[in-house]
Structures are given as structure tokens and as C-alpha cells.
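Worksheet: the structure to be examined is printed underneath.
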Amino acid sequence: MQQLRADRHTKLSNTPIYELDPNTFKICFLNSRSLHKHIGDIRSNLNYSNMDINIFSETRLYHLDSNASYAMSGYTIFRNDSESAILTARPFGGTAVYIKIPFKPGYPLAKNTNGVEITIIKVVAIPHVNIIGVYGSPKVSVRQMCLALTQILNSCCSDFNVFLGDFNVNYLIQKEKVPLNNLFIRENNYRQLVSSYTTDNRTTIDHIYTNLPESQVTVHILETYFTDHQAICALIKT
């Protein structure tokens with residue numbers, strides 16, 4: 019038994035964020051399926067507390083919720099809440115951004131368009147990069163999403179951008195991904211970094227698009243137990 023404790027270790031199938039290179043800038047996106055329900059799970063997970071930026075969608079927060087109720091130690095919270103048709107009911111959408119490091123004046127910035135939740139983040143540590151969190155609900159058409167994203171692409175003034183989020187477009191199905199591929203890859207020379215399943219339904223609807231050089235950014239996928247989505251992470255060399 020002593021030998022088992024001292025010499026034998028089970029290797030994790032997925033390397034935790036806190037064991038990766040500390041010199042990378044770490045950005046996480048996760049469809050939380052209600053931050054209202056799962057904030058405790060997120061606070062207790064060392065992966066999220068070791069990110070520089072966490073972006074959570076489908077937060078289901080509304081105007082009566084205080085920031086203090088959803089605080090994470092060491093982070094500043096920015097809320098891009100979704101509106102509900104009933105004032106006392108929780109909406110199904112909403113985005114929350116948790117930032118550990120100083121951000122540039124005027125950011126984060128909510129730029130919701132055509133029913134797509136878009137949150138733009140700029141931080142002092144990587145001033146040449148725009149970080150754009152995206153959530154498109156299943157009710158939003160791909161055409162409307164592409165129109166919204168085109169506006170962002172045309173307005174971004176940084177050299178490099180990282181778009182990450184839940185696009186609700188299965189990248190494994192050729193017909194579904196064509197409009198986004200045309201917009202990002204053919205027209206703007208971006209790459210899509212996520213190639214594995216990102217949901218329990220074996221779909222890839224969470225994507226990362228970037229025009230950063232391949233040598234400067236990698237992707238990391240984190241398993242979750244409290245939502246049917248996996249967390250997607252962009253790791254940027256600094």
C-alpha cells in the first residue's frame with residue numbers, strides 16, 4: 019500500500035490548466051447552463067480560478083441579481099445580461115466575463131447584434147489582441163449571426179482577434195459550417211481551432227476562430243460535470 023501511495027500515480031487523461039505553462043495567457047469559454055445554479059461548482063474548480071479570463075454563457079442572471087452573489091476571488095465581473103419578456107423570470111441567455119488582470123479603458127464592451135450576444139474584451143497584457151466572446155442561441159439563424167460577426171470584424175482595429183463561443187453550429191457537419199467558414203476562413207484568413215466534440219451530444223458547436231499565428235496560440239478542452247458542454251480554452255503565448 020505504501021508503494022502505491024508513493025510510487026504509482028494515475029495519469030490524468032486531460033491536463034489541468036494549472037499544470038500548463040504559466041507564461042501563457044489563458045482564456046476560457048463555457049456554456050454554463052445557468053451560472054445562477056452552478057457558480058459554486060465554478061468557484062471550487064481550480065481550472066477556472068487559474069484562467070486570466072473566463073467567459074460564461076447562458077448565465078440566466080437578471081437585473082435583481084447582485085454582482086456580489088456571483089463574485090470569484092481575484093476577478094472583476096462584467097455582465098452582458100439577456101433580457102426576459104417577464105421581469106420576474108430568469109432569461110435563458112446572458113454572458114458573464116471574469117477578468118483577473120487589468121483591462122483597457124472602455125472594456126469589456128457589450129455589442130449584442132441580431133440576437134447574438136457579443137462581448138469584446140481588451141486587456142493591458144496583450145493590447146494587440148481583441149478577445150470576443152460569442153453566444154448565438156438556437157433561435158438565431160446562421161445568416162443573422164454572420165451579419166453580426168461581419169460588423170465586429172469590420173470594426174475591430176487590433177492586429178489580431180480571438181473569437182470564441184457557443185455558435186450553435188455543428189462544425190462536424192459540412193453544410194452547417196459553410197457560412198462561418200466562408201466568413202472567417204475564406205474571406206478573412208482565420209483558422210478554426212476546435213476539432214473535437216464540445217458537448218455530450220457529440221457535436222462541435224463551441225468554436226475558436228483566430229488570425230493569430232499558429233505558433234502563438236493553442237487550444238485546450240476541459241471536461242465538465244455540471245453542464246453538457248465542455249470548456250474551450252485559448253492559450254496565447256506572451
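If you count the sequence shown from 1, you need to add 18 to reach this note's numbering. All C-beta atoms in this analysis are idealised placements derived from N, C-alpha and C, irrespective of residue type, glycine included.
Nearest CA to the CA of residue i: which residue from the options?
{"i": "Lys129", "options": "Thr137, Pro123 and Tyr88", "result": "Thr137"}
{"i": "Gln234", "options": "Arg209, Pro34 and Phe74", "result": "Arg209"}
{"i": "Ile45", "options": "Gly151, Gly111, Ser213 and Ile191", "result": "Gly151"}
{"i": "Met90", "options": "Ser100, Asn98, Asp83 and Lys118", "result": "Lys118"}
{"i": "Tyr153", "options": "Thr131, Ala143 and Val196", "result": "Thr131"}
{"i": "Pro120", "options": "Val134, Ala107, Val141 and Ser100", "result": "Val141"}
{"i": "Asp184", "options": "Asp99, Ile223, Phe43 and Val212", "result": "Ile223"}
{"i": "Leu127", "options": "Ser159, Pro40 and Phe96", "result": "Phe96"}
{"i": "Asn98", "options": "Ala107, Gly133 and Ser67", "result": "Gly133"}
{"i": "Pro109", "options": "Asp83, Ile60, Ser67 and Gly92", "result": "Asp83"}
{"i": "Leu230", "options": "Lys195, Glu194 and His146", "result": "His146"}
{"i": "Pro34", "options": "Ala86, Asn41, Gln162 and Asn63", "result": "Asn63"}
{"i": "Val212", "options": "Ser67, Val187 and Ser176", "result": "Val187"}
{"i": "Ser87", "options": "Ile57, Ser67 and Glu101", "result": "Ile57"}
{"i": "Lys195", "options": "Tyr215, Ser176 and Val160", "result": "Val160"}
Which whole-angstrom value is the C-beta distance of residue i and residue j, which I expect to be below 8 Å?
{"i": "Leu240", "j": "Asn65", "result": "6 Å"}
{"i": "Thr217", "j": "His247", "result": "5 Å"}
{"i": "Asn148", "j": "Asn172", "result": "About 13 Å; that fails the 8 Å criterion."}
{"i": "Thr42", "j": "Lys255", "result": "6 Å"}
How about residue i and residue j: are their beta carbons less than 8 Å apart?
{"i": "Thr113", "j": "Ile73", "result": "yes"}
{"i": "Ile203", "j": "Phe47", "result": "no"}
{"i": "Cys164", "j": "Leu198", "result": "yes"}
{"i": "Val115", "j": "Ile71", "result": "yes"}
{"i": "Ile226", "j": "Leu167", "result": "no"}
For residue i, which residues does DSSP report across the bridge?
{"i": "Phe121", "result": "Val141"}
{"i": "Ser72", "result": "It is worth fixing the name first, because residue 72 is Asn in this sequence and not Ser. In DSSP, Asn72 forms a bridge with Cys46 and Tyr116."}
{"i": "Thr106", "result": "The partner list for Thr106 (beta bridge, DSSP) is empty, contrary to what the question assumes."}
Does any heavy atom of the ligand SAM sit closer than 7 Å to the C-beta of residue i?
{"i": "Tyr208", "result": "Absence of the ligand SAM is noted for the structure shown, with no ligands found whatsoever."}
How do the stretch 50–60 and the stretch 73–82 stand: do at least 3 beta-carbon pairs fall below 8 Å, yes or no? The stretch 50–60 makes contact with the stretch 73–82; the number of CB pairs closer than 8 Å reaches 3 or more.
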